[in-house]
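Heads up: the sequence shown begins at 185 in the working numbering, then just goes up one per residue. Glycine residues also receive a C-beta, built at the ideal position from the N, C-alpha and C atoms. Structure record follows, encoded as structure tokens.
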Amino acid sequence: MKNGLRAYGLSLIALVSLVLPALADPAPVAKDIPEKMPWTLREHYTFCGEALRLDYAKDNAEWRIKIFQEDSETSRMNPNLVLRGVNFSIDINNGPVLTNEVLGQAGETTMLREPYTCDVLGEGTTYAVQFAPHEGLTVQHSMITMRRWNFIRLVIKITNQSDAPVEIRKISPIIIPSDSFPSLTENAAISTSALSFEDGKPVLTGAGPVNSVRLHDPARQVSLLIGFLPSTQASCEFKKYPTGSPLEGIFECTYSSPAVIPAGGTLETDPVSIGYGIDPEIMDAQYLYLLQNFSTPKSGK
185 MKNGLRAYGL SLIALVSLVL PALADPAPVA KDIPEKMPWT LREHYTFCGE
235 ALRLDYAKDN AEWRIKIFQE DSETSRMNPN LVLRGVNFSI DINNGPVLTN
285 EVLGQAGETT MLREPYTCDV LGEGTTYAVQ FAPHEGLTVQ HSMITMRRWN
335 FIRLVIKITN QSDAPVEIRK ISPIIIPSDS FPSLTENAAI STSALSFEDG
385 KPVLTGAGPV NSVRLHDPAR QVSLLIGFLP STQASCEFKK YPTGSPLEGI
435 FECTYSSPAV IPAGGTLETD PVSIGYGIDP EIMDAQYLYL LQNFSTPKSG
485 K
């Protein structure tokens, strides 16, 4: 069943259980951020996925996932949340950490919407938040929906508008804060998987750096899958926090040597696939298909 969507006012989602690497305390960000407006006052898109909805905010590209409810004052003010606000960050080598909140305060953002076509996946639509220039960089955060597929692809593109090269140490396209999964039932199943390549073909395993996370809570009709589609030389890994749910942590693209963006050049993150609301087996099959068609092993692997 294809993803529907609704321009509205704007959110996300997520195999073999294993011990996940823990994160150190996050690096300091560029500056203090004022309190955000409530979602009811924020311009956003809402994407449909069966019983779930994903809200995507124009002001800073934050997103969340909620259970569908008929429109009412109660549902608008107190939505039945599955996943609270999800963020991103960019670590400049020997420089500041640019979060979506910092970038959102740099100036007025622009919400772009344009057709997307892919030989493998067919037609879709790109929804993107274009941030105002900051620290010599212009950042575009995109969510790509497909007409015939039940997932969203998330990509971040950085353009260097300065006159000198800029080095990027790490990009975290998805940051899931602590206490982001309210109201999970006792039968909710949480799992993770690692990614390896055998004869050049992707294989999901239970050993190695975590590449994807999954949640299935049948009592609430909740199914989520978030997973990297590695395609560059970055090291892509999900790292959980020292405490809390195994689903809470950071999806990181880390460069062994800082990625250099020349003046006028661009850098794109490895895409992240977000599946939500559909049958978990279908969601897994679609994710594996994406890996087979878009992911490649790193050199020397």
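Q | DSSP beta-bridge partners of Gly308 | A | Tyr300 and Met330
**Q.** Sequence-distant residues of its chain with Cβ nearer than 8 angstroms to Val304 (five each side left out)
**A.** Asn477 and Phe478
Q) What number of angstroms, rounded off, separates the C-alpha of Ser256 from the C-alpha of Asn264? A) 12 angstroms
Q | Option nearest Val397 by Cα separation, candidates Pro464, Gly279, Ala447 and Ile355 | A | Pro464
Q) In whole angstroms, what is the alpha-carbon distance linking Gly308 and Ile328? A) 7 angstroms
Q: Compute the Euclidean distance between the alpha carbons of Asn371 and Val270, then round it to the nearest angstrom.
A: 24 angstroms
Q. Given a threshold of 16 other Cβ atoms within 10 Å of its Cβ, counted over all protein chains shown, does Asp347 qualify as buried or as exposed?
A. exposed
Q | Status (buried if at least 16 other CB within 10 Å, exposed otherwise) for Ala292 | A | Looking at the sequence provided, one finds Glu at residue 292 rather than Ala. It is exposed - the Cβ of Glu292 has fewer than 16 other Cβ atoms within 10 Å.
Q) Three-state secondary structure (DSSP) at Ser429? A) coil
Q. The beta strand (DSSP E) with Pro357 in it runs from where to where?
A. Val350 to Ile359
Q. In three-state DSSP terms, what is Ile465?
A. Residue identity check: residue 465 is Glu in the sequence provided, not Ile. DSSP places Glu465 in helix when its eight states are reduced to three.
Q) Is it true that the CB of Ser377 sits closer than 8 angstroms to the CB of Thr389? A) yes
Q: Compute the beta-carbon to beta-carbon distance between Pro357 and Ile336, rounded to the nearest angstrom, for a pair I have assumed lies under 8 angstroms.
A: Incorrect: roughly 12 angstroms between the Cβ atoms, too far for contact.
Q: Pull up the distance between the alpha-carbon of Asp209 and that of Pro442, whole angstroms please.
A: Confidence is the limiting factor: at Asp209 the pLDDT is only 43, short of 50, which leaves the residue's position unreliable, though a coordinate-based value still follows. Straight-line Cα distance between these residues: approximately 21 angstroms.
Q. What span of residues does the beta strand (DSSP E) with Arg237 cover, start to end?
A. Leu236 to Ala241
Q) Per the contact definition of three or more C-beta pairs closer than 8 angstroms, is the region 272-290 in contact with the region 228-246? A) yes
Q: Measure the C-alpha to C-alpha separation of Leu282 and Ile276 and round it to an integer number of angstroms.
A: 8 angstroms
Q) What number of angstroms, rounded off, separates the C-alpha of Ser407 from the C-alpha of Lys423? A) 21 angstroms
Q: Output the distance between the C-alpha atoms of Gln417 and Leu451, rounded to the nearest integer angstrom.
A: 12 angstroms
Q | Buried/exposed call for Ile237, threshold 16 Cβ in 10 Å | A | Residue identity differs from the one stated: residue 237 is Arg in this sequence, not Ile. The residue in question, Arg237, is buried, as its Cβ has 16 or more Cβ neighbours within 10 Å.
Q: Tell me where the beta strand (DSSP E) around Glu421 begins and ends.
A: Ser419 to Lys424
Q) With C-beta atoms as the reference, is Leu338 less than 8 angstroms away from Pro455? A) yes
Q.
Taking the straight line between their C-alpha atoms, what separation do you get for Pro280 and Lys354?
A. 11 angstroms
Q. Using the C-alpha atoms, what's the distance from Leu413 back to Leu475?
A. 6 angstroms
Q. By Cβ distance below 7 angstroms, which residues in the same chain neighbour Asn344 in space, the five residues on each side in sequence not counted?
A. Gly320, Leu321, Val350, Ile445, Pro446, Ala447, Gly448 and Gly449
Q: Leaving aside the five residues before and after Leu431 along the sequence, list all residues of the same chain whose C-beta is less than 7 angstroms from its C-beta, in chain order.
A: Ala198, Ile360, Phe365, Ile374, Val397 and Leu399
Q.
Short of 8 angstroms in beta carbon distance, which residues of its chain neighbour Leu472, apart from the five on each side in sequence? Order them along the chain.
A. Pro386 and Leu388
Q: With a threshold of 16 other CB atoms inside 10 Å of the CB of Asn262, please say whether the residue is buried or exposed.
A: exposed
Q | Bounding residues of the alpha helix (DSSP H) (the contiguous stretch that carries Pro285) | A | Note on identity: in this sequence residue 285 is Glu, with Pro being the wrong assignment. Here the alpha helix (DSSP H) through Glu285 covers Asn284 to Gly288.
Q) Can you give the beta carbon distance from Asn334 to Gly233, rounded, assuming they're within the 8 angstroms contact cut? A) 7 angstroms
**Q.** Bounding residues of the alpha helix (DSSP H) (the contiguous stretch that carries Arg248)
**A.** That residue, Arg248, is in no alpha helix (DSSP H); its beta strand (DSSP E) goes Trp247 to Ile251.
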